[in-house]
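J.:
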Amino acid sequence: ELKPDRDHPFTDFDIPHLGMDSISRTDFSYDELQKLRDAKPKRSEAIVWLIHLMMETGMRVNECCGIRIEDIKLQDEYPHVILHRNTFRRLKTKNSQRFVPLVGVAFESARQAIIGSTSDWLLPAYIDLADQKTKNKSASAATNKFIKSTLVDSRSTCHSFRHTMSTRLREVGCPKSIVDELSGWSKGVSESYGSSA
Numbered sequence: 005e006l007k008p009d010r011d012h013p014f015t016d017f018d019i020p021h022l023g024m025d026s027i028s029r030t031d032f033s034y035d036e037l038q039k040l041r042d043a044k045p046k047r048s049e050a051i052v053w054l055i056h057l058m059m060e061t062g063m064r065v066n067e068c069c070g071i072r073i074e075d076i077k078l079q080d081e082y083p084h085v086i087l088h089r090n091t092f093r094r095l096k097t098k099n100s101q102r103f104v105p106l107v108g109v110a111f112e113s114a115r116q117a118i119i120g121s122t123s124d125w126l127l128p129a130y131i132d133l134a135d136q137k138t139k140n141k142s143a144s145a146a147t148n149k150f151i152k153s154t155l156v157d158s159r160s161t162c163h164s165f166r167h168t169m170s171t172r173l174r175e176v177g178c179p180k181s182i183v184d185e186l187s188g189w190s191k192g193v194s195e196s197y198g199s200s201a
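Under the working numbering, think of the first position of the sequence shown as 5, with each following residue one higher.
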C-alpha cells in the first residue's frame, strides 16, 4: 500500500541550502521610525499616510488600503478604525476583525486623508474600482520603495511595522492578550513577532 508514495519522484529529495538564504525581518529602530514620521512625500501624500497608519497601528498593508471613511471614528472618545471584511478587501483571519486605536501620526494622517479623499475610501489611490479590490501589491511596493529611499541601509519592509509594533507593545509591558487583540492575531501569535526582549 505504501509503494506508490515510496516510489514517488518528489519523495525524499534534497534542496541544497534550504532556508539558509532567507532574510529575517528586522524591527525599525526608534531613529528610523522618527525619520519616517518626519519624511515628506516625493509626490503623493497617500504613501506617507499609509506608512503612518501601518507604523502606529501594526495594521497590514491590505487592511489599510481597504478602509472606508465611514470606518474611521475620529470624534470618538478614543479615536479608532473599525476593521472588518468588505467587498473590496477580505481579512486574513476571523481575529483580524477588530477595533484599532488611532494615535500620533496615524490619527493625523487619517484626518488628513479624510480631508483629501474624493471617494468613500480613505486611500482611494490604492483602490481598484473596476476589479473591486485593493491595490495592496502596488501599495506594498510603493511603501517599500519609500522606506528604502528614506532609510538607505535598512533591511526593514512595510511588514516590519507589524513586528515593530509587537516589540514596542511588549517593551512597555502590554499584556499579550491585548497585543494579540490589537494586531488581529489568534492567541499567542504575538510571542513570535518582533525582536526578543
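Glycine included, C-beta positions come from ideal geometry on N, C-alpha and C.
Please read these numbers as outputs of a predicted model, since none were measured by experiment.
Have a look at Ala-134 and Phe-32 and give me their C-alpha separation to the nearest angstrom.
T.: When rounded, the distance between both Cα atoms is 36 angstroms.
J.: How is the beta strand (DSSP E) around Leu-87 delimited, first residue to last?
T.: 84-87 is the extent of the beta strand (DSSP E) around Leu-87.
J.: Judging by CA-CA distance, which residue of Arg-41, Asn-66 and Lys-44 is the nearest neighbour of Ser-142?
T.: Asn-66
J.: By Cβ distance below 6 angstroms, which residues in the same chain neighbour Ala-129 in space, the five residues on each side in sequence not counted?
T.: Taken in chain order, the residues that qualify are Ala-50.
J.: Could you pull out every residue in the same chain whose Cβ sits closer than 8 angstroms to the Cβ of Tyr-82, ignoring the five residues on either side in sequence?
T.: Pro-105
J.: Mapping the DSSP letters down to three states, classify Ile-55 as helix, strand or coil.
T.: helix
J.: Could you give the residue range of the beta strand (DSSP E) that holds Arg-93?
T.: Per DSSP, Arg-93 belongs to no beta strand (DSSP E) and is neither H nor E.
J.: Pull up the CB-CB distance for Ala-114 and Leu-57, whole angstroms please, since I reckon it's below 8 angstroms.
T.: 7 angstroms
J.: Inspect the CB distances between the segment 66-78 and the segment 116-126 and report whether three or more fall short of 8 angstroms.
T.: yes
J.: Mapping DSSP to helix, strand and coil, what is Lys-180?
T.: helix
J.: Could you spell out where the alpha helix (DSSP H) holding Val-109 opens and where it closes?
T.: 108-120
J.: Could you pull the start and end residues of the beta strand (DSSP E) that Arg-102 belongs to?
T.: 102-105
J.: Name the two residues that bound the continuous alpha helix (DSSP H) containing Ser-158.
T.: Ser-158 -> no alpha helix (DSSP H), and no H or E assigned at all.
J.: Compare the Cα-Cα distances from Asp-42 to each of Ser-164, Thr-138 and Val-109 and report the closest residue.
T.: Val-109
J.: Quick check: is the beta carbon of Thr-97 nearer than 8 angstroms to any beta carbon in chain B?
T.: No chain B is present in this structure, which holds just one protein chain.
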